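Enquirer: Numbering (the working numbering), first residue to last: -13 to 197. Positions of the beta carbon are idealized from the N, C-alpha and C atoms, including for glycine. Here the structure is a predicted model, which means the values were calculated and not measured.
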Amino acid sequence: MSRLVCLMLALGSAACAAAPPPEPAPAPVPPPPPVPKSSVGIADRAWGSVTSGRFSVTVSLPERKDWQIEDVREPWWTARHPPSSSELSVKTWRTSRLARREDCQKQITLWRPKAPNPEAEPASVVDRRALESPAGYHTELVVGVRRAGKEGEIEGYALAVGHTIGQCYAAFYTTRAQGGNAEATVGERLALFGDAVLPRIERVGIEDRVR
């Protein structure tokens, strides 16, 4: 019996020695590279409206669910779209009864000195035209493009400034993109906001709610 056991052990050892080594585990598949912001667009779909109680305006946004709305803590009503580095700010305020649109623009510059300023950077302007919104305001839309702080980054802006008797209005859209398609992507976003978003902003509520 002991010889049989020894023989079985010997055969087992030989079989183990003859077995091929296990195949190495496959290398983990690397995650896909992050989508550059220059590739993230804002589609003309899934529109939704947002109303600001502070400034008595209503704004229609494409892909509404992807926007983060702030209407309490910040001086402006603000909507942010992080996937595309886009931001839309809207504000109305009281001013002198004799104030002009240029006076409203100067006030914006005081409040936001680092924001794109078409009057100080005329070379950045690519379009300038009148808007009929909000109703009752004399509004001008200025669209521009400029190089941003990072290498290869493009910043686009669309600024609508309007006035009526004793009141100013401003809507400020900015967006950034990087990469080979940055200029085209920024251009598409500016076209969407300049043609479909800013012209649809309207006043709501009673005039006494304007700030």
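Give every residue of the same chain whose Cβ lies closer than 6 Å to the Cβ of Glu169, excluding the five residues on either side of it in the sequence, and list them in chain order.
Expert: Ile140
Enquirer: Phe179 by DSSP, collapsed to three states: which one?
Expert: helix
Enquirer: Out of Trp53, Glu56, Ile94, Ala29, which has the shortest C-alpha to C-alpha gap to Ala157?
Expert: Ile94
Enquirer: Could you check whether Ser110 and Pro120 sit closer than 9 Å to each other, using their CB atoms as the reference points?
Expert: no
Enquirer: What residue does the alpha helix (DSSP H) around Asp113 start on, and which one ends it?
Expert: No alpha helix (DSSP H) holds Asp113; the beta strand (DSSP E) holding it covers 111 to 117.
Enquirer: Using the Cα positions of Lys23 and Ala29, report the straight-line distance between them to the nearest angstrom.
Expert: Caution applies to Lys23, whose pLDDT of 48 falls short of 50 and renders its modelled position unreliable; the value that the coordinates give is listed next. Near 14 Å, if we compare the C-alpha coordinates of Ala29 and Lys23.
Enquirer: Based on Cα-Cα distance, which residue from Leu176, Cys154, Ala163, Gly166 lies nearest to Val43?
Expert: Cys154
Enquirer: Going by CA-CA distance only, name the one from Glu73, Arg50, Asp181, Leu47 that's closest to Ala234.
Expert: This structure cannot settle anything about residue 234, because the visible part of the chain is limited to -13 through 197.
Enquirer: Using 9 Å as the threshold, is the C-beta distance between Arg162 and Ala144 below it?
Expert: no
Enquirer: Do you know offhand how far Leu127's Cα is from Thr150's?
Expert: 15 Å
Enquirer: Just how far apart, CA to CA, sit Leu84 and Gly152?
Expert: 7 Å
Enquirer: Trp53 and Arg66 look like a contact to me (Cβ under 8 Å); what is the Cβ gap, rounded to whole Å?
Expert: 7 Å
Enquirer: What three-state label does DSSP hand Thr95 in the structure shown?
Expert: helix
Enquirer: Across which residues does DSSP place Thr37 in a beta bridge pair?
Expert: When DSSP reads this structure, Thr37 sits in a beta bridge with Thr44.
Enquirer: May I have the straight-line CA-CA distance separating Val172 from Gly142, to the nearest angstrom?
Expert: 6 Å
Enquirer: Which whole-angstrom value describes the C-beta separation of Trp97 and Val76, a residue pair presumed to lie in contact below a C-beta threshold of 8 Å?
Expert: 13 Å between Cβ atoms; not a contact.
Enquirer: Let me check understanding here. Comparing Cα to Cα, which of Glu107, Val131, Val112, Val147 lies closest to Thr125?
Expert: With distances taken between Cα atoms, Thr125 lies closest to Val147.
Enquirer: In whole angstroms, what is the alpha-carbon distance linking Arg31 and Glu107?
Expert: If you take the alpha carbons of Arg31 and Glu107, they lie about 33 Å apart.
Enquirer: Could you pull the DSSP bridge partners for Gly130 from this structure?
Expert: Answer is Val111, Tyr143, bridged to Gly130.
Enquirer: To which residues does DSSP link Cys154 through a beta bridge?
Expert: Trp79, His149
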